[in-house]
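Peer 1: Counted from 1, the sequence shown has number 88 at position 88 by full-length UniProt numbering; the numbering is strictly sequential.
Idealized CB from N, CA, C, for every residue including glycine.
Before I ask anything, here is the structure I am working with.
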Amino acid sequence: MPVDAAEYAAALRSYAAGVVLLTVRDDIDDVGTTVTSLMSVSADPPLVAIGLAAEGYPAEVLQSIGSCAVNVLGSADAILASRFSSAGRPSARHLLESVPWRRAPVSDAIVLDGALAALDCTVSSVVAAGSHVVVLLAVEGVPVLAPDGDPLLRLRGRWTDGAGAPLRRP
């Protein structure tokens, strides 16, 4: 029996997911997108995997460039996450005008100084998966690692803090 798409989406909205900002520097500009499908794959060697819409520009640029940064967002970053999840968004640098950042040593992608952590990565492999691609990333370095902080989560279509409480605008 086929799975109902609405039921499938509702079921997965019940799963709290950490929120990251994926950034890629290409020859033209910086590209960034909010991602909630990050998973640790291996500690030795250090590998993570992300899921991206196959037809989306971030997936195209990442596969072309072959490197990126993954910024783990904190609960104070809900507005930033919203900026990067909107359709038709401008350059990542424009969306980060008031946010301190620097370049990752290997990928040269944007890493946020205030992230809970940032991973400097290279693409290891890409697997087609329905409407998405799963990108396996080799972690080349950890240019940002905060000593503590509450993570930003996505739960039931809302940004939440580490305890699952909905975040409100200040």
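Kindly indicate the opening and closing residues of the beta strand (DSSP E) around residue 31.
Peer 2: Within the sequence shown, residue 31 is the residue found at index 31, counting from 1. Counting along the chain, the beta strand (DSSP E) containing residue 31 begins and ends at 30–35.
Peer 1: Within 10 Å of its beta-carbon, does residue 153 have 16 or more other beta-carbons around it, so buried, or fewer, so exposed?
Peer 2: Locating residue 153 in the sequence shown gives position 153, counting from the first residue. Result: buried.
Peer 1: Return the first residue and the last residue of the alpha helix (DSSP H) that residue 7 is part of.
Peer 2: By one-based count along the sequence shown, residue 7 stands at place 7. Start and end: 5–13.
Peer 1: Which residues share a DSSP beta bridge with residue 103?
Peer 2: Position 103 of the sequence shown, counted from the start, is the residue given in the question as residue 103. 110, per the DSSP bridge assignment.
Peer 1: From the DSSP output, in three-state form, read off residue 26 for me.
Peer 2: Mapped onto the sequence shown, residue 26 falls at position 26. In this structure, residue 26 counts as coil in the three-state DSSP scheme.
Peer 1: Per DSSP, what kind of secondary structure is residue 46 in: helix, strand or coil?
Peer 2: Translated into positions along the sequence shown, residue 46 becomes position 46. Strand.
Peer 1: Is the beta carbon of residue 69 closer than 8 Å to that of residue 117?
Peer 2: On the sequence shown, position 117 is the one that residue 117 refers to. On the sequence shown, position 69 is the one that residue 69 refers to. Contact flag unset, no.
Peer 1: Where does residue 80 sit, in a helix, a strand or coil, going by DSSP?
Peer 2: By one-based count along the sequence shown, residue 80 stands at place 80. Residue state, collapsed to three classes: helix.
Peer 1: Could you compute how far the alpha carbon of residue 47 sits from the alpha carbon of residue 58?
Peer 2: On the sequence shown, residue 47 is found 47 positions in, with the first residue counted as 1. On the sequence shown, residue 58 is found 58 positions in, with the first residue counted as 1. Spanning the two alpha carbons is a distance of roughly 19 Å.
Peer 1: In the structure shown, what three-state DSSP assignment does residue 86 receive?
Peer 2: Taking the sequence shown and counting its residues from 1, the one referred to as residue 86 is at position 86. Three-state result, residue 86: coil.
Peer 1: Which term fits residue 86, buried or exposed, when burial requires 16 or more other beta carbons within 10 angstroms of its beta carbon?
Peer 2: One-based indexing of the sequence shown puts residue 86 at position 86. Exposed.
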